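Trainee: Its first residue numbered 5, the sequence shown is counted upward by one per residue in our numbering. No residue lacks a Cβ here, since even glycine has one placed at the ideal position from N, Cα and C. This one's a predicted model, so the numbers in the text were calculated from it and none came from an experiment. This is the structure I want to talk about, given as structure tokens.
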Amino acid sequence: QSFSLAILLKKSKRRCLILERLRLPSFAKQGRLELLDREQTTRHIVLAAIHCTTANGQKKIFLQRRLKDPQKGSWEFPGGKIEPGETPQAALKRELKEELNLEIDESKFKFYAKYQHHLYDTCTILEVFCLNLSTSLLQNKQLPDNWFSLAECAQDNFNLIQGSHPILLDFLSRGMLHD
């Protein structure tokens, strides 16, 4: 009998070493593992799940269009890379100012979840924070009308950036976003 195994062994600021063995025989239970080494780049990303409740009680989430490749034109959560020495909250504050011209106090960010996915030679760690904004603040900031219900985002033809689907599925399974 064989099974698959992937182990995250060591994580540094920019690299993580992945030890993996695609097919392990049953003697692996006895501690005789033959593992293949492969280095991967690690990217630390922080995302904002900006949400609000409209006047009629409908909950909406804010997404923006990706402006560059890869996946240019796809919908994505606002956010970006965490710079060395930067906290996720500080990175998110900076990214929201750069992308949306929003000045938000870091204490307003509520940690939601951490996700990890692997694509080719890159290990991406996504830290997601919720931010509940009032509709009056959003109207004053003149943000684009990029507000969607989770049901709209979950449609098969919705062009959501790769890696965001598990986040939306998690939102749906937990009953939307918490306040």
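#1: How about Glu103 and Gln68: are their beta carbons less than 9 angstroms apart?
#2: Give me the Cα-Cα distance between Gln120 and Arg47, rounded to the nearest whole angstrom.
#3: Using CA atoms only, rank isn't needed, just tell me which of Thr57, Gly83, Asp125, Phe133 is closest to Ile165.
#4: Between the C-alpha atoms of Lys63 and Thr57, what's the straight-line distance to the nearest angstrom?
#5: Note the first and the last residue of the continuous beta strand (DSSP E) segment covering Leu123.
#6: Nearest to Asp109 by CA position, among Gln159, Glu99, Leu123, is which residue?
#7: Could you give the distance in angstroms between the alpha-carbon of Ala158 and the alpha-carbon of Asp174?
#8: Within 10 angstroms of the Cβ of Lys76, are there 16 or more other Cβ atoms? Answer buried if so, exposed if not.
#9: Buried or exposed for Glu131, please, with buried defined as at least 16 other CB atoms from any protein chain shown within 10 angstroms of its CB.
#10: Please list, in chain order, all residues of the same chain as Glu80 whose beta carbon is under 7 angstroms from its beta carbon, the five residues on each side excluded.
#11: Pro88 to Asn60, Cα distance in whole Å?
#12: Among all the DSSP beta bridges, which residues are the ones paired with Ala53?
#13: Would you report the Cα separation of Leu137 and Ile54, rounded to the nearest angstrom?
#14: Just reading off the beta strand (DSSP E) that Ile65 is part of, what are its end residues?
#15: Under the three-state reduction of DSSP, which class applies to Leu154: helix, strand or coil?
#16: Do Phe152 and Ala52 have their C-beta atoms closer together than 9 angstroms?
Mentor: Quick look at the numbers:
#1: yes
#2: 10 angstroms
#3: Gly83
#4: 4 angstroms
#5: 114 to 123
#6: Glu99
#7: 11 angstroms
#8: exposed
#9: buried
#10: Leu67, Gln68, Arg70, Ile165, Ser168
#11: 42 angstroms
#12: Cys134
#13: 7 angstroms
#14: 63 to 66
#15: helix
#16: no
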